[in-house]
Amino acid sequence: MVDAEESWFQNTVDGLAHEAMAKYNKKRAIVFNTIQLYRHDRLAFLKESFEAAERAGYFLGVKLVRGAYLEKENKHAAEKGVRSPINTSKELTDKSYDDALRFCVEHIDRISVCAGTHNEQSAKLLTQLMDKAGIEANDPRIHFAQLLGMSDHLSFNLAAKGFNVAKYVPYGKVNELLPYLTRRAQENSSVLGQTSRELNLLTSEMKRRGLKR
Ligand SMILES: Cc1cc2nc3c(=O)[nH]c(=O)nc-3n(C[C@H](O)[C@H](O)[C@H](O)COP(=O)(O)OP(=O)(O)OC[C@H]3O[C@@H](n4cnc5c(N)ncnc54)[C@H](O)[C@@H]3O)c2cc1C
Numbered sequence: 205m206v207d208a209e210e211s212w213f214q215n216t217v218d219g220l221a222h223e224a225m226a227k228y229n230k231k232r233a234i235v236f237n238t239i240q241l242y243r244h245d246r247l248a249f250l251k252e253s254f255e256a257a258e259r260a261g262y263f264l265g266v267k268l269v270r271g272a273y274l275e276k277e278n279k280h281a282a283e284k285g286v287r288s289p290i291n292t293s294k295e296l297t298d299k300s301y302d303d304a305l306r307f308c309v310e311h312i313d314r315i316s317v318c319a320g321t322h323n324e325q326s327a328k329l330l331t332q333l334m335d336k337a338g339i340e341a342n343d344p345r346i347h348f349a350q351l352l353g354m355s356d357h358l359s360f361n362l363a364a365k366g367f368n369v370a371k372y373v374p375y376g377k378v379n380e381l382l383p384y385l386t387r388r389a390q391e392n393s394s395v396l397g398q399t400s401r402e403l404n405l406l407t408s409e410m411k412r413r414g415l416k417r
């Protein structure tokens, strides 16, 4: 899995990932590139990546994420006086993400996909698309992934239904992990983000158990 980073060096990362895919993904997808659907150009990029893989005869591996550097990207673009690469609304990002899932399932003979998301609607959509396409829950070409300590309700329920689920485990020295942990904390502070969703779930469960009014 090659992670996606800030847009100003993503082209280089994409180039390296595609070189590795052309070399190692001849029989199945082993190397995966990451596509950030908060960028307005990335659905087109997914389609171009698919066409390139078809032309060169290798399997495309993609991890689909919404994207982690929203504020940084917008600030960088504003400073440079250029258009931000980020969608102008969360709704547009959600639509791009779900369209990308649809595209991958439609082209599953050539694409392997890992849905790196904590968003219940997107995870549910992928299970529905798989069901509609007659794809088994444990098909090795489709994975779900969540970060350790986040969205366990998604990971556990998907795994219980037989879907392939991975949990990303950050490890390393504290000072090296701090930028990563800081990003997660920033993400969690957004109103539409993970913490509010998980807090709502925990609060309703506490109420159900009579531990909270
Ligand atoms: C397994 C895994 C691997 C990951 N790997 C990477 C990686 O390699 N690179 C990377 O960049 N990120 C990575 N992420 C983080 C990911 O990009 C998201 O930041 C995070 O998962 C939150 O998005 P969500 O899909 O879970 O759901 P949600 O909480 O529904 O979506 C939040 C996301 O929506 C987008 N968004 C929010 N507000 C707006 C707005 N106003 N306009 C446009 N878009 C908006 C942002 O991307 C924000 O992070 C990974 C996440 C997971 C679970």
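Remember, the numbering used here sits 204 above the position in the sequence shown when you count from 1.
Glycine included, each C-beta is placed from N, C-alpha and C at the ideal position.
Just so you know, these numbers come straight off a predicted model, no measurement behind them.
Handout entry: Contact test: Arg270 Cβ vs ligand 1 heavy atom, cutoff 6 Å
Key = For ligand 1, at least one heavy atom lies less than 6 Å from the Cβ of Arg270.
Exercise for the section: Confirm, please, whether the CB-CB distance from Val235 to Gly265 is below 7 Å. Expected result: It is a contact, given that the beta carbons lie within the stated cut-off.
Exercise for the section: Could you tell me if the beta carbon of Lys294 falls within a distance shorter than 6 Å of some heavy atom in ligand 1? Expected result: Distances taken from the Cβ of Lys294 to the heavy atoms of ligand 1 include one shorter than 6 Å.
Exercise for the section: List the residues that DSSP assigns as beta-bridge partners of His357. Expected result: DSSP lists no beta-bridge partner residue for His357.
Problem - Run of the beta strand (DSSP E) containing Tyr372, from where it starts to where it stops - result: Its beta strand (DSSP E) spans residues 369-372.
Handout entry: Cα-Cα separation between Ile339 and Thr297, rounded to whole angstroms
Key = Spanning the two alpha carbons is a distance of roughly 26 Å.
Exercise for the section: Examine ligand 1 and report whether any of its heavy atoms sits within less than 6 Å of the Cβ of Gln214. Expected result: Checking the 6 Å criterion, the Cβ of Gln214 is out of range of every heavy atom belonging to ligand 1.
Problem - CB contact flag (Ala260, Ala281, <7 Å) - result: Not in contact: Ala260 and Ala281 (Cβ atoms no closer than 7 Å).
Practice task
Return the chain-ordered list of same chain residues with a C-beta closer than 8 Å to the C-beta of Tyr384, the five sequence neighbours on each side being excluded.
Solution key: Excluding five sequence positions before and after Tyr384, the CB atoms of its chain that fall closer than 8 Å to its own CB belong to Pro374, given in chain order.
Handout entry: For Leu351, three-class secondary structure by DSSP
Key = Reduced to three states, the DSSP call for Leu351 is strand.
Exercise for the section: Quick one: grab the DSSP three-state call for Arg243. Expected result: Strand at Arg243.
Problem - Closest residue to Leu349 among Val317, Arg387, Glu402, Leu333 (Cα-Cα distance) - result: Inspection of the sequence shows that residue 349 is occupied by Ala rather than by Leu. Among Val317, Arg387, Glu402, Leu333, the Cα nearest to that of Ala349 belongs to Val317.
Problem - Distance between Ser326 and Lys294 (C-alpha atoms, nearest Å) - result: Their Cα atoms are separated by approximately 13 Å.
Exercise for the section: Give the straight-line distance between the Cα atoms of Val269 and Glu380, rounded to the nearest whole angstrom. Expected result: Approximately 22 Å between the Cα atoms of the pair.
Exercise for the section: With Gly320 as the anchor, note down where its beta strand (DSSP E) starts and where it stops. Expected result: Where Gly320 is concerned, the enclosing beta strand (DSSP E) stretches over 315-320.
Exercise for the section: Please classify Asn229: does DSSP put it in a helix, a strand, or coil? Expected result: Coil, per DSSP.
Exercise for the section: Measure the C-alpha to C-alpha separation of Ser400 and Glu310 and round it to an integer number of angstroms. Expected result: The alpha-carbon atoms of Ser400 and Glu310 are separated by roughly 33 Å.
Handout entry: Cα-Cα separation between Lys251 and Lys267, rounded to whole angstroms
Key = If I take the Cα positions, the gap works out to 14 Å.
Problem - Sheet register partners of Lys377 (DSSP bridge) - result: DSSP lists no partner for Lys377.
Practice task
Mark Val395 as exposed unless 16 or more other C-beta atoms lie within 10 angstroms of its C-beta, in which case mark it buried.
Solution key: Note on Val395: pLDDT 46, under 50, position unreliable in the model; the coordinate value appears next. Looking at its Cβ environment, which holds fewer than 16 other Cβ atoms inside 10 Å, Val395 is exposed.
Handout entry: Cβ neighbour criterion (16 or more within 10 Å) applied to Arg246
Key = Buried: at least 16 other Cβ atoms inside 10 Å.
Practice task
Taking Pro289 as the reference, give the member of Gly376, Ala256, Gln240 with the closest Cα.
Solution key: Comparing Cα positions, the closest option is Gln240.
Exercise for the section: Could you have a look at Lys416 and say whether DSSP puts it in helix, strand or coil? Expected result: For Lys416, the three-state secondary structure derived from DSSP is coil.
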